[in-house]
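Its first residue numbered 1, the sequence shown is counted upward by one per residue in the numbering used here. Reading through the structure tokens given below for one structure.
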Amino acid sequence: MALNGTRCLLDQPREAEPVNLNGPPVPVDAAGPADRDAILAKVEMDKKLSMIKAWEENEKSKAENKAEKKMSSILSWENTKKAAIEAKLRTQEEKLEKKKAEYAEKMRNQIAVIHKEAEEKRASVEAKRHEEILKYEEMAAKYRSKGATPAKKILGCF
Numbered sequence: 001m002a003l004n005g006t007r008c009l010l011d012q013p014r015e016a017e018p019v020n021l022n023g024p025p026v027p028v029d030a031a032g033p034a035d036r037d038a039i040l041a042k043v044e045m046d047k048k049l050s051m052i053k054a055w056e057e058n059e060k061s062k063a064e065n066k067a068e069k070k071m072s073s074i075l076s077w078e079n080t081k082k083a084a085i086e087a088k089l090r091t092q093e094e095k096l097e098k099k100k101a102e103y104a105e106k107m108r109n110q111i112a113v114i115h116k117e118a119e120e121k122r123a124s125v126e127a128k129r130h131e132e133i134l135k136y137e138e139m140a141a142k143y144r145s146k147g148a149t150p151a152k153k154i155l156g157c158f
């Protein structure tokens, strides 16, 4: 007998003892087999509900794990694709920087060639100017020595 004076399943013989997996022992009345069948049916129902609940939690856990695995796979795929694109971008940037440097060097070389040509032209003009100055100084000395004045050249298109 239980402490409160009621009978419980533990007071029954061992063979007929129903097992209640979800809580305290189920009280048994002395009324008879009808109550006993109801108790056994309730225990059986509790057992089924418990198994259904365990199955449900197991399936939910499987679904969660499957979804988590797929999410991880997607994240890995995304990171791989991003890394590939970023590497391609860096390669293109390096190529562009190289082309930019080559083009800048080419432009600096062209500027140097232009500067050299300009210096050569300046030197040529300066040399020609000196030649003309010498020529006119010699002519002026000739005119001075002869005492003549230079004649003006009149060019006309008649």
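Ideal placement from N, C-alpha and C gives every residue a C-beta, glycine not left out.
In this structure, the alpha-carbon of Glu-93 lies about 32 Å from that of Met-71. Each residue's CA atom was taken as its position, placing Lys-100 and Ser-124 some 36 Å apart.
DSSP places Lys-152 in the coil class of the three-state scheme, outside both helix and strand.
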